[in-house]
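2 protein chains.
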Amino acid sequence: VTMLGAPRASSSASAALAAAVLRGERAQLAKSITVIESKRRDHQVLGAGVLAHCLQDRRGRARIERSFRVGVSGPPGAGKSTLIETLGQAYLRDGVDSATMAQGEGDASRRRLSVLAVDPSSNRSGGSILGDKTRMPELARDPRAFIRPSPSRGTLGGVTRSTQDVIPLCEAAGFDFTMVETVGVGQSETAVEGMVDMFVLVVSPAAGDELQGVKKGVVELADLIVVNKADGDFVAAAQRTVSDYGRALHLTTPKNQFWTPTVVSCSAVTGDGIPALLDQFRAFRTVMDEEEAGSTRKQNRRAQQRVRYLRTMFADRVLDLLADSQHFSSEWAEKQEAVHRGDLSPVEACDQLLERVQFAP
Amino acid sequence: VTMLGAPRASSSASAALAAAVLRGERAQLAKSITVIESKRRDHQVLGAGVLAHCLQDRRGRARIERSFRVGVSGPPGAGKSTLIETLGQAYLRDGVDSATMAQGEGDASRRRLSVLAVDPSSNRSGGSILGDKTRMPELARDPRAFIRPSPSRGTLGGVTRSTQDVIPLCEAAGFDFTMVETVGVGQSETAVEGMVDMFVLVVSPAAGDELQGVKKGVVELADLIVVNKADGDFVAAAQRTVSDYGRALHLTTPKNQFWTPTVVSCSAVTGDGIPALLDQFRAFRTVMDEEEAGSTRKQNRRAQQRVRYLRTMFADRVLDLLADSQHFSSEWAEKQEAVHRGDLSPVEACDQLLERVQFAP
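Those protein sequence lines, which keep their order, are chains A and B.
Residue numbers for the first sequence follow this note's numbering, beginning at 11 and rising by one.
Residue numbers for the second sequence follow this note's numbering, beginning at 11 and rising by one.
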């Protein structure tokens, strides 16, 4: 019998790191993220320990509960980085307070912003989204912003998994507004939508009525669609694209009953439309702060996201462990090959594999 | 330590049942399906044994490899049952042979048809799709057709899982053409698309440019879109709907490089457009019979489907076992609640749960 359990992290090491994170020390936050993103099991355990300490800390917990998380997705070339740069500065200047927010919570001096990237496709798209911080030069210079390029680990699962844990860690460190950027490849948008409060789809003005390879499933995920680059020669095209996406949204089953997604245009370069965009953030946040069954919608949504994450992660990791296990990898490979050839039915292969799984009492 | 392995079925019982299935005995085929769909573990094991024997049988294997599987999906009221009734009769009369099929394979006297239903939503839609065989009166009377209403077990997973095993069983019994009907609720279409060679979306003529609640993701799955009920007063509306879906397809990323989905209209009642629809089936089947990397596209697609099914089923069943296990159900529930409340991070809960999973050597 092979035990697959994780070694317990040294509680003191993770407690020390968590304390530094809670004090807002950027270097220690960065280090904590690095261990969470590491492939080394002992690092991962240390990272999980840091997160656990932050959740157990009253102040850390309160910060996580107050925060606002926005996913920013869209096809390559939509100008996501520039938009995040502009939005981030506008946020630090004007905030995105919800109408129901308590007095003082929106204190401008406490505004902090983190930008994370989920980029499963940087190999394909020819460059990491955020590998180069110079794509957001103003924010990169601003001490109130924390920009974290994501390591490109190839698998969506790996990057996603860690990002989902990195968000609350940044929040515990005081970064109260998080933007998670992802390039659209279908799977990554769904993953990001499952870890944010609001999902924004960014597109550029299109020629004709093409939706530029944006999958319909992604349009359905959007709480807001932003047509960027509505400046200069593109103003008219942007307006047409707003109509096109408006129509696409109209044909779509609404994601929530309490919010009707809209399409807005803006220019990250000229700043046109940015205040209206922030107004949309505020309106959405206000709706998410409303109570529903004893908690706010945001709390309910996050609770569901966490449980879904647990279930997905558990299923993934059991499969990973099976594939990696010294004792099982060959059997797993054999069974898959037999099923691929058609010699063995999936149901029989599954039964045979499950016979080898046990639960310790 | 709790062993989760399945008891081995009596090999003689499953062999006897498999032999009867291979002889084409309908009652024994029905019985085999019943045990596969049963919730009882010993039944399921017997069913898996029958399927295993059929796969090991040279003739059974050859029949499975020759068959053609079509998924028929669409919103309630699109006339799927009537269309399947008409298509089924047209198939028995005219066949859907691929252009590359060997001589004699398309022998009209050997044509057999099975109709299966995946209906996770019969509670919601107010009635099982096929619970009432009188919805396909002609086929129900025809000895060359085998109609199998699906038990409505509530969960998509359960119904799907068994349907995926039922298809090859019907094929081993000589039913060489299978139509799998499902009502559209998003998840079920994806599941059905993952078990058929060709996925057909059926809609009715729409008033206006609404896509009648058909999710865009489902449009993307379609190899063919059929606007049914193109008769009487609806001919013009059907033509508009053909254009609407044509546009929707145009905006969609093609599923395969070797096949461009199209939209056709027909009337299951008058028979208009049915021959053209069968031509689409033949054209698609011909393309799927072409070689790609040493096997036919159909073989490759099915091999991938089987492996995906194994992985999904294994992950599902590990989670099910965890939730059901006497030793673990309370811990699993506790962990989920702690994660829901936010007291425990998903990553930590996952680690703690994985510690309890072991693989026998």
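Idealized CB from N, CA, C, for every residue including glycine.
If you're wondering where the values come from, they're calculated on a predicted model, not measured in any experiment.
**Message:** I need the straight-line Cα distance from B/Gln362 to B/Ala232, nearest angstrom please.
**Reply:** Numbered from 1 along the second sequence, position 352 holds the residue referred to as residue 362 of chain B. Numbered from 1 along the second sequence, position 222 holds the residue referred to as residue 232 of chain B. About 42 Å.
**Asked** Tell me which same chain residues have a C-beta within less than 6 Å of the C-beta of A/Gly141, skipping the five on either side of it?
**Response** Taking the first residue of the first sequence as position 1, residue 141 of chain A is located at position 131. Its pLDDT being 47, under 50, A/Gly141 is placed unreliably in this model, and the value from its coordinates should be taken loosely. Listed in chain order, the non-local C-beta contacts of A/Gly141 below 6 Å within the same chain comprise Pro159, local neighbours out to five positions each way being set aside.
**Prompt:** Skipping 5 residues on each side, what residues in its chain have a beta carbon closer than 6 Å to that of A/Ala183?
**Reply:** Here the question's residue 183 of chain A lines up with position 173 in the first sequence. Val31, Gly34 and Leu39.
**Message:** Give me the DSSP bridge partner(s) of A/Met146.
**Reply:** Here residue 146 of chain A corresponds to residue number 136 of the first sequence, with the count starting at 1. None; A/Met146 has no bridge partner.
**Prompt:** For the stretch 42-60 of chain B, which residues have a beta carbon sitting closer than 9 Å to at least one beta carbon of chain A?
**Reply:** Those residues of the stretch 42-60 of chain B placed with their C-beta closer than 9 Å to a C-beta in chain A are Ile46, Gln54, Val55, Gly57, Ala58 and Gly59, ordered along the chain.
**Message:** Please classify A/His63 as buried or exposed, where buried requires at least 16 neighbouring CB atoms within 10 angstroms.
**Reply:** Locating residue 63 of chain A in the first sequence gives position 53, counting from the first residue. Classification of A/His63: buried, given that the 10 Å Cβ count is 16 or more.
**Prompt:** Helix or strand or just coil, what does DSSP make of B/Glu344?
**Reply:** The count along the second sequence starts at 1 and reaches residue 344 of chain B at position 334. Three-state result, B/Glu344: helix.
**Asked** A/Val198 by DSSP, collapsed to three states: which one?
**Response** As a working note, residue 198 of chain A is residue 188 in the first sequence. The residue you asked about is not Val; residue 198 of chain A is Ser in the sequence shown. In the structure shown, A/Ser198 sits in a helix (DSSP, three-state: H, G or I).
**Request:** Please state if the CB of B/Thr251 and the CB of B/Val213 are separated by a distance shorter than 8 Å.
**Result:** One-based indexing of the second sequence puts residue 213 of chain B at position 203. One-based indexing of the second sequence puts residue 251 of chain B at position 241. If you check the CB distance, B/Val213 and B/Thr251 come in under 8 Å.
**Prompt:** Near A/Val273, which residues of its chain fall below 7 Å by C-beta distance, leaving aside the five closest residues on each side in sequence?
**Reply:** Within the first sequence, numbered from 1, the residue matching residue 273 of chain A stands at position 263. Cβ-Cβ distances below 7 Å link A/Val273 to Ile235, Val237, Val252, Tyr255, Gly256 and Leu259 in the same chain, with the five nearest sequence neighbours on each side left out; the list follows chain order.
**Three CB pairs or more closer than 8 Å across the stretch 335-352 of chain A and the stretch 300-315 of chain A** = These segments do not touch.
**Message:** Whole angstroms are fine: how far does the CA of B/Lys308 sit from the CA of B/Ile74?
**Reply:** The residue labelled residue 74 of chain B in the question sits at position 64 within the second sequence. The residue labelled residue 308 of chain B in the question sits at position 298 within the second sequence. Looking at the two C-alpha atoms, the distance is approximately 12 Å.
**Message:** List, in chain order, every chain A residue whose beta-carbon is nearer than 8 Å to that of B/Glu344.
**Reply:** Here residue 344 of chain B refers to the residue found at position 334 of the second sequence. Neighbours of B/Glu344 across chain A, judged by C-beta separation under 8 Å, do not exist; the nearest C-beta is about 12 Å away.
**Asked** Out of curiosity, what's the CA-to-CA distance linking B/Lys41 and B/Asp186?
**Response** The residue given as residue 41 of chain B occupies position 31 in the second sequence. The residue given as residue 186 of chain B occupies position 176 in the second sequence. Put simply, the backbone Cα of B/Lys41 is about 19 Å away from that of B/Asp186.
**Asked** So which residues of chain B does A/Phe209 contact, with C-beta pairs closer than 7 Å?
**Response** For this step, residue 209 of chain A is matched to residue 199 along the first sequence. Within chain B, not a single residue places a beta-carbon under 7 Å from that of A/Phe209; the smallest gap is close to 16 Å.
**Prompt:** Since B/Arg122 sits in a beta bridge, which residues does DSSP pair it with?
**Reply:** For the purposes of this step, residue 122 of chain B is taken as the residue at position 112 of the second sequence. Paired residue(s): none; B/Arg122 is not in a bridge.
**Asked** By DSSP, does B/Ala40 sit in helix, in strand, or in coil?
**Response** The sequence position of residue 40 of chain B within the second sequence is 30, counting from 1. Looking at B/Ala40 - three-state DSSP - the assignment turns out to be helix.
**Message:** Output needed for A/Ser21: all residues of its chain with C-beta closer than 6 Å, excluding positions within five of it in sequence on either side, in chain order.
**Reply:** The residue labelled residue 21 of chain A in the question sits at position 11 within the first sequence. Nothing meets the Cβ criterion.
**Item:** Euclidean distance between Cα positions of B/Val202 and B/Lys226
**Value:** In the second sequence, counting from the first residue as 1, residue 202 of chain B sits at position 192. In the second sequence, counting from the first residue as 1, residue 226 of chain B sits at position 216. Straight-line Cα distance between these residues: approximately 16 Å.
**Message:** Is there a C-beta anywhere in chain A that falls below 8 Å from the one on B/Gly167?
**Reply:** Here residue 167 of chain B refers to the residue found at position 157 of the second sequence. With a pLDDT of only 34 at B/Gly167, under the threshold of 50, the placement of this residue in the model should not be trusted; the figure read from the coordinates follows. Proximity of B/Gly167 to chain A, defined by a Cβ-Cβ separation below 8 Å, is not satisfied.
**Prompt:** Does A/Ala397 have its Cβ less than 8 Å from a Cβ in chain B?
**Reply:** This structure leaves residue 397 of chain A out entirely; chain A is present only between 11 and 371.
**Item:** Contacts around A/Thr96, its chain only, beta-carbon distance under 7 Å, and the 5 residues preceding and following it disregarded
**Value:** The sequence position of residue 96 of chain A within the first sequence is 86, counting from 1. Correct list, in chain order: Ala278, Gly281 and Ile284.
**Request:** Starting from the C-beta of B/Tyr319, find all residues in its chain whose C-beta is less than 6 Å away, skip the five residues before and the five after it, and write them out in chain order.
**Result:** Along the second sequence, one-based indexing puts residue 319 of chain B at 309. Excluding positions up to five away in sequence, the list reads Gln174.
**Prompt:** Does any C-beta atom of chain B lie closer than 8 Å to the C-beta of A/Lys226?
**Reply:** Walking along the first sequence from the start, residue 226 of chain A turns up at place 216. Interface residue, yes.
**Asked** Nearest CA to the CA of A/Phe78: which residue from A/Ala370, A/Ala26 and A/Met205?
**Response** Working through the first sequence from its first residue, we reach residue 78 of chain A at position 68. Answer by Cα proximity: A/Met205.
**Message:** Taking 8 Å as the limit between beta carbons, can you name the residues of its chain near A/Lys345, skipping five residues before and five after?
**Reply:** Here the question's residue 345 of chain A lines up with position 335 in the first sequence. Same-chain partners within the cutoff: Leu354, Ala359, Gln362 and Leu363.
**Asked** My guess is that B/Ser172 and B/Glu302 are in contact by the Cβ rule of under 8 Å, so how many angstroms apart are they, rounded?
**Response** Mapped onto the second sequence, residue 172 of chain B falls at position 162. Mapped onto the second sequence, residue 302 of chain B falls at position 292. With a Cβ gap of about 30 Å, B/Ser172 and B/Glu302 do not count as contacting.
**Prompt:** Which bits of chain A does B/Tyr319 rub up against, with CB to CB less than 7 Å?
**Reply:** By one-based count along the second sequence, residue 319 of chain B stands at place 309. The answer, in chain order, is Pro356.
**Prompt:** How about A/Trp269 and A/Phe294: do their beta carbons lie closer than 8 Å?
**Reply:** Mapped onto the first sequence, residue 269 of chain A falls at position 259. Mapped onto the first sequence, residue 294 of chain A falls at position 284. Result yes, Cβ atoms of A/Trp269 and A/Phe294 sit closer than 8 Å.
**Item:** B/Glu365 versus B/His350 - alpha carbon distance
**Value:** Walking along the second sequence from the start, residue 365 of chain B turns up at place 355. Walking along the second sequence from the start, residue 350 of chain B turns up at place 340. When rounded, the distance between both Cα atoms is 20 Å.
**Request:** Check distances from the C-beta atoms of the stretch 170-202 of chain B to those of chain A and list, in chain order, the residues that come in under 8 Å.
**Result:** For the stretch 170-202 of chain B, which is checked against every Cβ of chain A, the residues closer than 8 Å are Arg171, Gln174, Asp175 and Pro178.
**Prompt:** Just to confirm, are A/Leu329 and B/Ala325 a CB contact at a threshold of 8 Å?
**Reply:** The residue given as residue 329 of chain A occupies position 319 in the first sequence. The residue given as residue 325 of chain B occupies position 315 in the second sequence. Yes; because the gap between Cβ atoms is below 8 Å, this pair is in contact.
**Asked** Going along the chain, which residues of the stretch 241-273 of chain B sit with their C-beta nearer than 7 Å to a C-beta in chain A?
**Response** Of all residues in the stretch 241-273 of chain B, Leu261, Thr262 and Thr263 have a Cβ within less than 7 Å of some Cβ in chain A.
**Request:** Identify which residue in B/Arg321, B/Gly57, B/Phe209 and B/Thr188 has its Cα closest to the Cα of B/Leu126.
**Result:** Within the second sequence, numbered from 1, the residue matching residue 126 of chain B stands at position 116. Nearest C-alpha to B/Leu126: B/Thr188.
**Request:** Check the C-beta distance from A/Val190 over to A/Gly81 and give it rounded, since I have them as a contact under 8 Å.
**Result:** Indexing the first sequence from 1 puts residue 190 of chain A at position 180. Indexing the first sequence from 1 puts residue 81 of chain A at position 71. Contact between A/Val190 and A/Gly81 holds: CB atoms are separated by about 5 Å, below the 8 Å threshold.
**Item:** Backbone secondary structure at A/Ala127 - three-state DSSP
**Value:** Stepping through the first sequence from its first residue, residue 127 of chain A is reached at position 117. DSSP places A/Ala127 in strand when its eight states are reduced to three.
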